[in-house]
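Encoded as structure tokens, the structure appears first; notes follow it.
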Amino acid sequence: MVRCWCGKQAITRTSWTSANPGHRFYGCPDEGSSCRWIGWYDPEMCARSRMIIPGLLRGRNELEERLEVSQGDVWKWKIYLAIVVVL
């Protein structure tokens with residue numbers, strides 16, 4: 001069992017920063033506390049993974065944004081269709 005500086009049982013988290021994408025670490029369970037202790041859970045990722053994963057995450061985020069826009073367009077077309085049917 002891993003404990004942080006304030007003596008509480010540390011929890012496992014995942015970093016999604018560009019410097020450590022997907023790298024798991026232990027952290028204090030009190031997220032806003034002054035403890036701020038972290039300890040790495042996984043060994044460091046290889047350089048190639050650190051280059052590839054941020055690009056994949058950016059691509060996924062772009063696709064999610066495009067999906068949200070498309071879903072808004074679908075809603076707009078449904079309204080147009082309902083208006084046309086009523087008229």
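Just so you know, UniProt numbering puts the end of the sequence shown at 87, numbered straight through with nothing missing.
Ideal placement from N, C-alpha and C gives every residue a C-beta, glycine not left out.
Do you know offhand how far residue i's Cα is from residue j's?
| i | j | result |
| --- | --- | --- |
| residue 55 | residue 21 | 10 Å |
| residue 23 | residue 75 | 38 Å |
| residue 90 | residue 18 | Summary: the structure shown does not reach residue 90, with the chain confined to residues 1 through 87, and so no result is reported for it. |
| residue 85 | residue 77 | 12 Å |
| residue 8 | residue 29 | 7 Å |
| residue 70 | residue 10 | 41 Å |
| residue 53 | residue 4 | 29 Å |
| residue 13 | residue 44 | 15 Å |
| residue 40 | residue 72 | 41 Å |
| residue 6 | residue 32 | 13 Å |
| residue 34 | residue 1 | 21 Å |
With 16 as the cutoff for other CB atoms within 10 Å, does residue i come out buried or exposed?
| i | result |
| --- | --- |
| residue 27 | buried |
| residue 46 | exposed |
| residue 82 | exposed |
Would you please state the rounded distance, in angstroms, between the beta carbons of residue i and residue j? I believe it to be under 8 Å.
| i | j | result |
| --- | --- | --- |
| residue 57 | residue 16 | 7 Å |
> Which ranges would you report for the beta strand (DSSP E) in the UniProt domain "GRF-type" (4-44) if only whole runs of at least 3 residues count?
Replying inline: Counting only runs of 3 or more residues that sit fully inside the UniProt domain "GRF-type" (4-44), the beta strand (DSSP E) segments are 11-14, 24-27, 38-40, in chain order.
>> For a minimum of 3 consecutive residues, which ranges assigned as the beta strand (DSSP E) are wholly contained in the region 56-84?
In response: none
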